[in-house]
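Numbering (the working numbering), first residue to last: 16 to 487.
Spelled out as structure tokens, the structure:
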């Protein structure tokens, strides 16, 4: 039997929140301590020492495990092996349909399994973003995500399209279900109550970085709308409202963790988002970054326009709102002819506009899995293991990795309020024969084979340093 419990007080609090009836003293006020570093148009999350943080990692998702088998395909060794390869972030997918199998009844065992994974992450110094994942809305349409009891499709027909599952989003029944989730008061309250429950149970965990409030939201098209028009209208209205509503729900119980919001997938076509302001001091931007031709089974075109179009579309919104960018999903087939170029071009692009990313996904097998069936990193996927700086004691002015020479450079400027060493992770996969370090203006500690380089700075704030790491 599944262990469940009812959280009536939480439900009342959320209902009051949605009606605007909570007195000010009843709402947990967001912590306004310094939590970010903005350098030019880019914002980084900051740690308690004022250092600018960067993230590299993977999605963890078990879509087949349900009920007592939920998360069965995620193991402690996954977090251990991620960390051993130099990665520091996991985006953990969970499913509302498993968490709340009946209205108002939450599976405590499911939350305990999530906590266990967070415990493993903490053991290996990996931070976690909890991703409320959905594909094609939920189990009513043969997928995972929003529970069947929260699905209202008005009896419209649904035709599965196994060879092109994303096209199922365009089914009127699926779009109608999304529309009811955004508009029906009881479903809006249930959605917020689910997040209060998760944040209340897990918000104090030391491994938790934040919450990705809903994976790849979709919307109902109005008559005569194409995809860009529908996405723009939805982002400016219902999606902005939903992100703010769910963020307020989280803040009832968790003041400090980050909330990450996504645009619609239209950004992947080079269309800027029309999302409005997210009124939360700990809000981050978590777009996805998938190459369209590879998503339909093709090869990567090194001379194509996908990356420059995406970069042109993605930068304005987070710059205007001073939001850190952590790309929640990206990936591709590591076996297509140009897969190696794909990985190096994409990681170079991510270094130009984001402060972190998680590849889809950490798993063994085919598709986009990082590992093959034996547990070895796939040859082209291994190129994900590049040097990066998890913590910069100052303002990161530039960082890049040249795959041709396997040379990493970091330029940063010290500032008041940033303490401790600048830490650079050097994955063993990147330099199996060792590496050397040169620091202009400071000193460093390393052993030539270890995964960590600590750079110590001296002198007054505003001094610029340059670190270079290259093969031995």
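From the three backbone atoms N, C-alpha and C, an ideal C-beta is built for every residue, glycine too.
Buried or exposed by the 16-neighbour rule on C-beta atoms within 10 Å, applied to residue i
i	result
residue 74	buried
residue 219	exposed
residue 337	exposed
residue 477	exposed
residue 171	exposed
residue 102	buried
residue 269	buried
residue 198	exposed
residue 64	exposed
residue 49	exposed
residue 115	buried
residue 178	exposed
residue 472	buried
Cα-Cα separation, residue i to residue j
i	j	result
residue 86	residue 289	35 Å
residue 41	residue 267	Only weak support exists for where residue 41 lies, its pLDDT of 38 falling under 50; the coordinates are left without a value.
residue 380	residue 325	29 Å
residue 474	residue 56	26 Å
residue 299	residue 238	33 Å
residue 448	residue 482	20 Å
residue 392	residue 372	18 Å
residue 43	residue 485	Any reading at residue 43 must be qualified, since the residue scores a pLDDT of 44, below 50, and its modelled position is unreliable; the value itself is stated next. Computed Cα separation, rounded: 48 Å.
residue 313	residue 351	8 Å
residue 111	residue 390	30 Å
residue 343	residue 140	19 Å
residue 376	residue 458	37 Å
residue 301	residue 319	24 Å
residue 206	residue 261	8 Å
residue 143	residue 464	27 Å
residue 148	residue 441	31 Å
residue 445	residue 195	49 Å
residue 19	residue 124	With a pLDDT of 40 at residue 19, under the threshold of 50, the modelled position of this residue cannot be trusted; read the value that follows with caution. Near 8 Å, if we compare the C-alpha coordinates of residue 124 and residue 19.
residue 155	residue 429	54 Å
One or two residues paired with residue i in a DSSP bridge
i	result
residue 344	303
residue 481	426, 455
residue 59	52
residue 150	159
residue 469	438, 460
residue 15	Missing from the structure shown is residue 15; the chain here goes from 16 to 487 and no further.
residue 219	Partner(s): none; residue 219 has no beta bridge.
residue 352	For residue 352, which the question treats as bridged, DSSP gives no partner whatsoever.
residue 172	In the DSSP output, where bridge partners are listed per residue, residue 172 has none listed.
residue 67	61, 407
Chain-order list of residues whose beta-carbon lies under 6 Å from that of residue i (same chain, five-residue window excluded)
i	result
residue 13	The structure shown does not extend to residue 13, since the chain spans only 16 to 487, so no value can be given for it.
residue 246	279, 281
residue 158	150, 151
Same chain, Cβ closer than 7 Å to residue i, neighbours up to 5 away in sequence not counted
i	result
residue 395	349, 354, 355, 358
residue 364	322, 326
residue 243	281, 286
residue 328	282, 285, 286, 287
residue 438	404, 405, 406, 467, 469
residue 61	49, 50, 51, 52, 67, 68
residue 250	278, 279, 288, 289, 290
residue 462	none
residue 209	111, 114, 115
Own chain residues within Cβ distance below 8 Å of residue i, not counting five before or after
i	result
residue 292	255, 336
residue 330	56, 368
residue 387	379, 380, 393
residue 252	none
residue 77	85, 86, 87, 88, 89, 108
Residue i CB to nearest heavy atom of the ligand ATP below 7 Å
i	result
residue 438	Absent from the structure shown: the ligand ATP. Ligands present: none.
Proximity test, Cβ basis, 8 Å: residue i and chain C
i	result
residue 328	Looking for chain C here will not work: only one protein chain is present.
Item to check | Residue ranges of each beta strand (DSSP E) within the stretch 223 to 264, 3 or longer | outcome: The beta strand (DSSP E) runs lying completely inside the stretch 223 to 264 and spanning 3 residues or more are 223 to 227, given in chain order.
Checklist entry - Which whole runs of the alpha helix (DSSP H) in the stretch 96 to 137 are 4 residues long or more, in chain order? => result Segments of the alpha helix (DSSP H) lying fully in the stretch 96 to 137: 111 to 114.
Next on the checklist: I'd like the ranges of any beta strand (DSSP E) spanning at least 3 consecutive residues and lying wholly in the stretch 368 to 448.
Outcome noted: The stretch 368 to 448 contains these whole beta strand (DSSP E) runs: 371 to 374, 403 to 407, 410 to 417, 422 to 428, 437 to 440.
Checklist entry - Fully enclosed by the stretch 270 to 338, which beta strand (DSSP E) runs are 3 residues long or longer? => result Listed in chain order, the beta strand (DSSP E) elements of length 3 or more contained wholly in the stretch 270 to 338 are 273 to 276, 298 to 300.
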